[in-house]
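S.K.: Questions regarding the structure given below will be posed in turn.
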Amino acid sequence: MSRNGRLATVLGLFVVAVGLVVAAVAAFLTPGIPGGVVNFTSGSAGQPVSLVVQTVPSIGVGFGDHPTWVSYLVKTPSGKWVHSTTWQLPANTVVNMTILQYDSGSPLRNQQWGQVTGTLGNTMSLNGTATSAYNSNTGDGVGHTFTVPALGLDIPLVGIGGGSTNACSQAPCGTNFDHNTITFSFKTPGPGNYPWQCFVPCGLGYLFGNGGPMSTQGYMGGFLKVVA
Ligand SMILES: [Cu+2]
C-alpha cells in the first residue's frame, strides 16, 4: 500500500474510533426512558383516568438486568403489566390510582412519610378502610411510598405481613399472592414533567439503602409526564 493509502487508512480508522467514543458518551448521557412512556391520555377529555401499578419485592428474571431489585410496574390501558415508571397523563384531570403492594414493610425512619397528603380528601383507602396516616411502628410497617414532591402527594404503602408464606417473588404479581390494595385520587396539575419516587430506602444491599433500585430510573422512581 502506498504511503498515502496507509495514511488514509489510519485517518479513516481514527475517525471511526472518535465516532464510536462520541456515540458511547452520548448514549451514556442520554440513557432514554427505561421501559418507555406509558400513555394514559387516550380517554375522553376531562374524564378521570384509571392508573394501576404494583410494587414487588423483586422484579424477577423477566424484566432485564436486576432480577433481585424491588420495583414498581404499571398496567397499560390495554391491561398488560410493563416495567415502566414514566406515565403520560392529561393535565388538570382526576387520576384514580390503585397500588397493589406485594412487598413487606418496616418502621419508617421519618414518620412524615406515613402521612397521606395531596390526595383528594387527604385520604387513601387501605384494603377498603379510609386511612389518613399510618403508624409504621405498629402492624406490618411501610414497604415503599408513592411520593410526588411537586404535588405534595404522599402515599405510604403498608407492607404485607413479615411472616407471609404466600409472598410473590416474580413480577408481574397476581392478586392470588399476599398484597395490600391501596386506592386514592389526585388531580394532575398543568403540563410538565413531575418526578415521583419512593422515600423508603429500600435498596437492600446498597449504602444506606439508597443505591441500586432507589437511584436507577425505572425501579423506585420515575416521572408523571403531564401533557395538555
Ligand atoms: Cu421503595
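Counting from -2, one number per residue, gives the positions in the sequence shown under this note's numbering. Using N, Cα and C, we set each Cβ at its ideal position, and we do this for glycine too.
Within 7 Å: the Cβ of Val67 and any heavy atom of ligand 1?
M.R.: yes
S.K.: In whole angstroms, what is the alpha-carbon distance linking Arg3 and Val18?
M.R.: Taken atom to atom, the span from the alpha-carbon of Arg3 to that of Val18 is near 23 Å.
S.K.: Terminal residues of the continuous beta strand (DSSP E) containing Ser68?
M.R.: Ser68 to Lys72
S.K.: Are the segment 100 to 117 and the segment 75 to 84 touching, with three or more C-beta to C-beta distances below 8 Å?
M.R.: no
S.K.: Quick check on Ser75: buried or exposed, where buried means 16 or more other Cβ atoms within 10 Å of its Cβ?
M.R.: exposed
S.K.: Per DSSP, what kind of secondary structure is Pro192 in: helix, strand or coil?
M.R.: DSSP places Pro192 in the strand class (E or B) of the three-state scheme.
S.K.: Give the DSSP bridge partners of Met94, in chain order.
M.R.: Leu48 and Phe181
S.K.: Using the Cα positions of Tyr131 and Gln112, report the straight-line distance between them to the nearest angstrom.
M.R.: Cα-Cα distance, rounded: 6 Å.
S.K.: Inspect the beta-carbon positions of Val91 and Lys184 and report whether they are closer than 8 Å.
M.R.: yes
S.K.: Rounded to whole angstroms, what's the CA-CA distance from Gly115 to Leu150? Just pull it up for me.
M.R.: 4 Å
S.K.: Would the C-beta of Val7 count as close to ligand 1, meaning under 7 Å from any of its heavy atoms?
M.R.: no
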